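**Q** Taken in sequence, the protein lines are chains A and B.
At position 56 of the first sequence the residue is numbered 56 (the numbering used here), and the sequence of numbers has no breaks.
At position 121 of the second sequence the residue is numbered 288 (the numbering used here), and the sequence of numbers has no breaks.
Positions of the beta carbon are idealized from the N, C-alpha and C atoms, including for glycine.
Just so it is clear, the structure is predicted and the values come from calculations on it, not from any experiment.
Before I ask anything, let me first share the structure, which is written out below as structure tokens.
2 protein chains.
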Amino acid sequence: MKGTTAAMLSFCGMDSCRVDGAGRVRLTAATVEDFLRRCDGEVVLFGLPEGAVAVYPEEVYQEMRRRELGDLDAVGASFAARRSLRRFGSMASAAKISRQGRVTLPEVLQRFAGLFPGEAAKVVGVEIGVEIWAADRFEAEMDDILRAEKNKRQMELNQKEAVSHES
Amino acid sequence: MKGTTAAMLSFCGMDSCRVDGAGRVRLTAATVEDFLRRCDGEVVLFGLPEGAVAVYPEEVYQEMRRRELGDLDAVGASFAARRSLRRFGSMASAAKISRQGRVTLPEVLQRFAGLFPGEAAKVVGVEIGVEIWAADRFEAEMDDILRAEKNKRQMELNQKEAVSHES
DNA sequence: CAATATAATCCAATTTTTTCCAAAATACAA
DNA sequence: TTGTATTTTGGAAAAAATTGGATTATATTG
Numbered sequence: 001m002k003g004t005t006a007a008m009l010s011f012c013g014m015d016s017c018r019v020d021g022a023g024r025v026r027l028t029a030a031t032v033e034d035f036l037r038r039c040d041g042e043v044v045l046f047g048l049p050e051g052a053v054a055v056y057p058e059e060v061y062q063e064m065r066r067r068e069l070g071d072l073d074a075v076g077a078s079f080a081a082r083r084s085l086r087r088f089g090s091m092a093s094a095a096k097i098s099r100q101g102r103v104t105l106p107e108v109l110q111r112f113a114g115l116f117p118g119e120a121a122k123v124v125g126v127e128i129g130v131e132i133w134a135a136d137r138f139e140a141e142m143d144d145i146l147r148a149e150k151n152k153r154q155m156e157l158n159q160k161e162a163v164s165h166e167s
Numbered sequence: 168m169k170g171t172t173a174a175m176l177s178f179c180g181m182d183s184c185r186v187d188g189a190g191r192v193r194l195t196a197a198t199v200e201d202f203l204r205r206c207d208g209e210v211v212l213f214g215l216p217e218g219a220v221a222v223y224p225e226e227v228y229q230e231m232r233r234r235e236l237g238d239l240d241a242v243g244a245s246f247a248a249r250r251s252l253r254r255f256g257s258m259a260s261a262a263k264i265s266r267q268g269r270v271t272l273p274e275v276l277q278r279f280a281g282l283f284p285g286e287a288a289k290v291v292g293v294e295i296g297v298e299i300w301a302a303d304r305f306e307a308e309m310d311d312i313l314r315a316e317k318n319k320r321q322m323e324l325n326q327k328e329a330v331s332h333e334s
């Protein structure tokens, strides 16, 4: 075994791959290990507002939903409540990481995230699980992140300048 | 058996199908399993204000109705109360999921939801049950949901920007 | 450069879905 | 009532799709 990454550090790094002909994505050995350790491979896939697919251990997802549902007073009794149920219900699905480390993306999610058979994808570790992005979308997201970061840095510098000048 | 996904996660995902010649809809194996587990296949069908058919476990439906009626102080003693009774009474019907996972849509609901024999339909998991939509109606609904979400996300980003600029 | 591990492709078995048909139940009319 | 027609329900067989595994190719590491 190459893995047993000595580490308690789970779900990190990024991996490029391709969606296979049946809409499946193969995870790296390390990621599979992480999922096995955390939840015996029982995961939930769902569509993130950013237009990618999240893969979380089932428990993590449940907890997330429980919080959200707690806010809805009478579940199913209002338009808003039903919409929330619909939004998550329709785009979530329980899955098990296969013995060969593959996850099948349901059609809804393929469409939602632009992850059609043959497309290039990025599997991104997000500490509590992974996200699967269409390669081009992830690139755009990364650009955004870095640009925002650069802005912030510049701001802070300007701030300092201003302060030291006025003293 | 393919399923037994160990899952605590019920009624999720989306499935496309067609209303058969007799006004029946076939549910996926997973959905049937969920209903059997939750309520032995005893469900209530009723028309949602959104123009789709909801299929909830009988218990869930009862609970929902109890809440609504509880708010109306004297059941049956006001126009509003009688209307609510009428609205749900006339468009709800108990049904049992058949052994092959089919539900028959009463004619009232076919008309109400545009789910005529031969029409394309979507069966949508909503965590507490499923909804059956005419395919085109659901597409519109999903578009709405995602558009609203995108707006909200954009707002949040703008908000952040504004804050960091003013500081 | 060889050995090992990782990734992609292909194929076969199983499962699922669709279509079609038969039986049962209901309604109708003579 | 009794026979006939019609609708409804359930099931079986055929078609299609999914799943998992095995094989082959590619990359990595020592």
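A:Ala-121 and A:Val-55 - do their beta-carbons sit closer together than 7 angstroms?
**A** No, they are not a contact pair.
**Q** Can you tell me the Cβ-Cβ gap for B:Ser-291 and B:Trp-300, rounded? I've got them flagged as a contact below 8 angstroms.
**A** As written in the sequence, residue 291 of chain B is Val, which differs from the Ser given in the question. With a Cβ gap of about 6 angstroms, B:Val-291 and B:Trp-300 count as contacting.
**Q** Can you look up A:Glu-149 in the DSSP assignment and give me helix, strand or coil?
**A** In the structure shown, A:Glu-149 sits in a helix (DSSP, three-state: H, G or I).
**Q** Could you give the distance in angstroms between the alpha-carbon of A:Val-44 and the alpha-carbon of A:Lys-96?
**A** Taking the straight line joining both Cα atoms gives about 8 angstroms.
**Q** Taking the alpha-carbon positions, what's the B:Gly-190 to A:Ala-140 distance?
**A** Taking the straight line joining both Cα atoms gives about 46 angstroms.
**Q** Rounded to whole angstroms, what is the Cα-Cα separation between A:Cys-12 and B:Ala-261?
**A** Taking the straight line from one Cα to the other gives about 49 angstroms.
**Q** Specify, as a first and last residue, the run of the beta strand (DSSP E) that A:Asp-15 falls within.
**A** Looking at the DSSP string, the run of the beta strand (DSSP E) that includes A:Asp-15 is 14–18.
**Q** Determine the chain A residues that contact B:Gly-256 at a beta-carbon separation under 7 angstroms, and present them in chain order.
**A** Residues of chain A passing the Cβ test: none, with the nearest at roughly 17 angstroms.
**Q** Which residue's Cα is closest to the Cα of B:Asp-187: B:Pro-284, B:Thr-271, B:Ala-280?
**A** Nearest of B:Pro-284, B:Thr-271, B:Ala-280 to B:Asp-187, Cα basis: B:Pro-284.
**Q** So, is B:Asp-182 buried or exposed, given that buried needs 16 or more other C-beta atoms within 10 angstroms?
**A** B:Asp-182 is buried by the Cβ-count criterion.
**Q** Does DSSP put A:Gly-70 in a helix, in a strand, or in coil?
**A** Helix.
**Q** Cβ of B:Glu-209 less than 7 angstroms from any chain A Cβ?
**A** No, because no Cβ of chain A sits closer than 7 angstroms to the Cβ of B:Glu-209.
**Q** Exposed or buried, which one is B:Asp-201 when buried takes at least 16 other CB atoms within 10 Å?
**A** When all chains shown are included, B:Asp-201 counts as buried.
**Q** When the Cα atoms are used, what is the spatial distance from A:Leu-109 to B:Glu-235?
**A** Using only the alpha carbons, I get a separation of about 35 angstroms.
**Q** Kindly list, in the order they appear in chain B, the residues whose Cβ is closer than 7 angstroms to that of A:Pro-106.
**A** Within 7 angstroms Cβ-Cβ: Gly-180.
**Q** Can you check whether the C-beta of B:Ile-312 is within less than 7 angstroms of a C-beta belonging to chain A?
**A** Taking Cβ atoms only, chain A reaches closer than 7 angstroms to B:Ile-312, which makes this a yes.
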